[in-house]
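Single-structure report; data block below.
There are 2 protein chains.
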Amino acid sequence: MRLSTKGRYGLKAMFDLALNVGEGPVALNSIAERQNISVHYLEQLFSNLRKAGLVKSIRGAQGGYILADQPYNITVGDIIRTLEGPLAPTECVSSDDSTECSKADCCVTRTIWEKIRDSINTVVDSITLQDMLDDYKKLQNSDSFMYYI
Amino acid sequence: MRLSTKGRYGLKAMFDLALNVGEGPVALNSIAERQNISVHYLEQLFSNLRKAGLVKSIRGAQGGYILADQPYNITVGDIIRTLEGPLAPTECVSSDDSTECSKADCCVTRTIWEKIRDSINTVVDSITLQDMLDDYKKLQNSDSFMYYI
DNA sequence: AAAATTCCAAGTAAATTGCTCAGAATTCAT
DNA sequence: ATGAATTCTGAGCAATTTACTTGGAATTTT
């Protein structure tokens, strides 16, 4: 039940864009350096984020990526589902695949998978990039901030 | 973010034991037949379930497995965590591994991983095998039961 | 024209998953 | 006592997935 690096790197990178909102495009190599991720791997992630309409690209020198919307309009769920696919513990409760399970016992477990799925999605859909920015600013002002650098 | 077959098969198999509670040991090959799973693979899962104290084994002919406790004392969380390891979206919030992340940005995402982890565990810890038995009996009495066989 | 960037398509090594295979140990039934 | 039924143990392995790398084309700014 682990997220892959796609979801983790992707959320970090999107948060990085949110930190730079309003300051022009951010190049992937600067994100790659800060987060210690390969540029080419980030390219793959941003290809998907762009196709999903979460970021806009500006090509050429001094180009890069910007958020396609305000931080309060982009949720963690949008980002992670784009990169990881549906957040569901089993295929049978992944909404985008409509194959229904035909066994009785599956149905007893199915309600469990649905509850897990819904709880995960409720959490990630309730958090926006703006919430993360707010948390980050609070962290910076707190006494414990040092420990996290 | 998918469970592996370990968690899925294991929960099914434990529910199977719960259905047969009080009727002597259930042999793995009978579970394997009902659930269409390889006996040898089930053996591996039950080896872990036994070591975790969730089932008791009775060796020899007419042997098999029984639940180590009443169905209302065994949660879905107990079963799935035994077979899948900690239910956490990232390593950095898996409680049994104490390596702390040292980067500032990780902490903004960390609180998100913690919320996901806690929501999953709250769900699975709130459901016992007895709850599943109750659900199953309700399903059997309902009009729609036919559709699930 | 050169540099900086995004964009695109393959390839690939390592890890994980989902088993299979082989056989020993134990217990029950006859 | 023997044979059948079962758990127990450990190794092996093919397919899939993951986490990248490689190579280069296209676009834009300076």
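Taken in order, these protein sequences are the chains called U and S. In this text, residue positions in the first sequence follow this note's numbering: the first is 16, and each later residue adds one. In this text, residue positions in the second sequence follow this note's numbering: the first is 16, and each later residue adds one. For every residue, glycine included, the Cβ atom is placed at its ideal position computed from N, Cα and C.
Residue 54 of chain U carries a helical assignment under DSSP once its states are collapsed to helix, strand and coil.
In its chain, beyond the 5 residues on either side, 31 have a beta carbon closer than 7 Å to the beta carbon of residue 49 of chain S.
Here residue 27 of chain U is not bridged, per DSSP, to any residue. Ranked by how close their Cα comes to the Cα of residue 95 of chain U, the residues U:73, U:136, U:84, U:148 have U:136 in first place. Counting of Cβ neighbours within 10 angstroms places residue 24 of chain S among the buried residues, the total reaching 16 or more.
Between residue 87 of chain U and chain S, the shortest Cβ-Cβ separation is not below 9 Å. Residue 157 of chain U carries a coil assignment under DSSP once its states are collapsed to helix, strand and coil.
Within chain U, the residues placing a beta-carbon under 7 Å from that of residue 91 of chain S are 127, ordered along the chain.
By the criterion of a C-beta distance shorter than 7 Å, residue 68 of chain U is surrounded in its chain by 83, once the five residues flanking it on both sides are discounted. Assignment of residue 134 of chain U by DSSP, reduced to helix, strand and coil, places it in the helix class. Look at residue 39 of chain S here: in three-state DSSP terms it is coil, with no helix or strand label.
For the 9 Å CB-CB criterion, residue 139 of chain U and residue 100 of chain U do not form a contact.
In the structure shown, residue 82 of chain U adopts extended strand secondary structure according to DSSP, grouped into three states.
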